[in-house]
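Colleague: Just dropping this structure here.
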Amino acid sequence: MATRRSRLELVFDILVSIQNKGGKIKPTHLMYKSNLSHKLLNDYLEELIGKEMVHIEQIQTKKSISKMVHITEKGLGFLEEFRRMREFTDAFGL
Amino acid sequence: MFSLFNTPTWFNGIDLIFALVTLVISLFIARYSWKVYRLTSENKFKYFSIAFGLVILALCFKLVTYGILYFNPVREIVDVTLQPITQGENSIRDLFYRAGYFLQMLSTLGAWLLIFFVSQKSRARLNKFYEVSQILLFIYLVVLISIVGNFKYFVFYLTSLVLLSLIVLNYYKNYLNNNRNENSLLVMWAFLLIAIAQVFFIFVFLWSSFYFLGEFLTLIGFLLIFYVYRKIIKK
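Chains A and B supply the protein sequences, listed in that same order. Its first residue numbered 49, the first sequence is counted upward by one per residue in this note's numbering. Its first residue numbered 51, the second sequence is counted upward by one per residue in this note's numbering.
Written out as structure tokens, the structure is:
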């Protein structure tokens, strides 16, 4: 059985999902990629927007307005730091 | 003047430089581990940081104690300062040296013990009560050994060897469980070198130059740890 992801791991999964899609992704795709419920994803997105790790772009199409989630420089910096932390954890058996 | 064992005079002072380098390396590791603890709030990083903090403390005690022993001017200043307390009695003055050794040994063993507990994976740990009683027993043994080590120095190095061997075993398991990750292997080797150094310290009564070999291996071990740390941070 998979272990529960920590808060930081969830943030990492969200940001890496965006990074893997070239830096931008639709919210629905993000939900599936990061394996989160709609409500949980929205909660985390709100937090990440507040911390300026992501921003939302609203795109006007002919029939409706769609959203795209973009990762920021700060978000990319967090990803790098988290990867370093994970390597440190693995190397020192923590 | 009191010392636990004879050290080669040509190496006096150089071992303090080794200790200083090791101290700086430990500072980097302790600081980064604390930073990770602040971000993740996971206690294992806090304990790992404290472990290296204890290494720093042990090295500070070593620098002070050995520094006084090695350098005449410093020893004379300390003798004069302690004169009101010691009243010229060698046995009382020796107590201060013993206190220095005791604190160094206690901090060192405390550090190895903490690293041993932290490097154990949680599934290898037992239920909370048993774990707490186990920890208390170890603390008692560490204090006892630090006192006895003042009179029979090899007891301290033998205990260090045992703890470091268990740490090496934990890191070997970590290496196997982490898809034979290169960094895990290097950390295992680092602690293995430090463990081997303890063997040289145990047998220093046979040949005083074993002290140099022990200090040299300890330094290499810590330099290896620093190399892994820099490799991770620089990425």
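Built from N, CA and C at the ideal position, the CB exists for glycine as well.
(1) Under a Cβ-count criterion, where at least 16 other Cβ atoms within 10 Å of its own Cβ denotes burial, should B:Q248 be classed as buried or exposed?
(2) Mark B:F201 as exposed unless 16 or more other C-beta atoms lie within 10 angstroms of its C-beta, in which case mark it buried.
(3) Could you tell me the distance, in whole angstroms, from the CA atom of B:L226 to the CA atom of A:G71?
(4) If the cut is a Cβ gap below 9 Å, which residues of chain B does A:L58 touch?
(5) For chain A, check one thing: does any of its Cβ atoms lie closer than 8 Å to the Cβ of B:K285?
(6) Put B:S259 into one of helix, strand or coil per three-state DSSP.
(7) Buried or exposed: which applies to B:Y203, given that a residue is buried once 16 or more other Cβ atoms fall within 10 Å of its Cβ?
(8) Is the shortest distance between the beta-carbon of B:V218 and the beta-carbons of chain A less than 8 Å?
(9) Roughly how far, in whole angstroms, is the beta-carbon of B:N224 from the beta-carbon of A:G141, given that I think they are within contact range, below 8 Å?
(10) Look up A:M116 in the DSSP assignment and give the residues it is bridged to.
(11) Less than 8 Å between the CB atoms is what I'm expecting for B:A240 and B:L274, so what's the real figure, rounded?
(12) Can you pull the DSSP bridge partners for B:I217?
(13) Would you call the stretch 264-283 of chain B in contact with the stretch 112-130 of chain A, where contact means no fewer than 3 C-beta pairs closer than 8 Å?
(14) Assuming A:S65 contacts A:S82 (C-beta within less than 8 Å), just tell me the rounded distance between them.
(15) If you compare alpha carbons, which of B:L267, B:K285, B:Y261 is closest to B:W60?
Modeller: Checking against the coordinates, here is how it stands:
(1) Buried, by the Cβ-count rule.
(2) The residue is exposed, with fewer than 16 neighbouring Cβ atoms inside 10 Å.
(3) Taking the CA atoms as reference points, B:L226 sits about 35 Å from A:G71.
(4) Here the premise fails: no neighbours, minimum Cβ distance about 12 Å.
(5) Chain A contact via Cβ: present.
(6) DSSP places B:S259 in coil when its eight states are reduced to three.
(7) Of the other Cβ atoms in all chains shown, 16 or more fall within 10 Å of the Cβ of B:Y203; this residue is therefore buried.
(8) Output row for B:V218: interface = no.
(9) About 4 Å separates the two Cβ atoms, so the contact holds.
(10) The bridge partners DSSP lists for A:M116 are A:E105.
(11) Approximately 4 Å separates the beta-carbon atoms of B:A240 and B:L274; this is inside 8 Å, confirming the contact.
(12) For B:I217, which the question treats as bridged, DSSP gives no partner whatsoever.
(13) Because the criterion of three Cβ pairs below 8 Å is not met, the stretch 264-283 of chain B and the stretch 112-130 of chain A do not touch.
(14) A Cβ-Cβ distance of about 5 Å is found for the pair A:S65 and A:S82, placing them in contact under the 8 Å criterion.
(15) Just measuring C-alpha positions, the residue of B:L267, B:K285, B:Y261 sitting nearest B:W60 is B:Y261.
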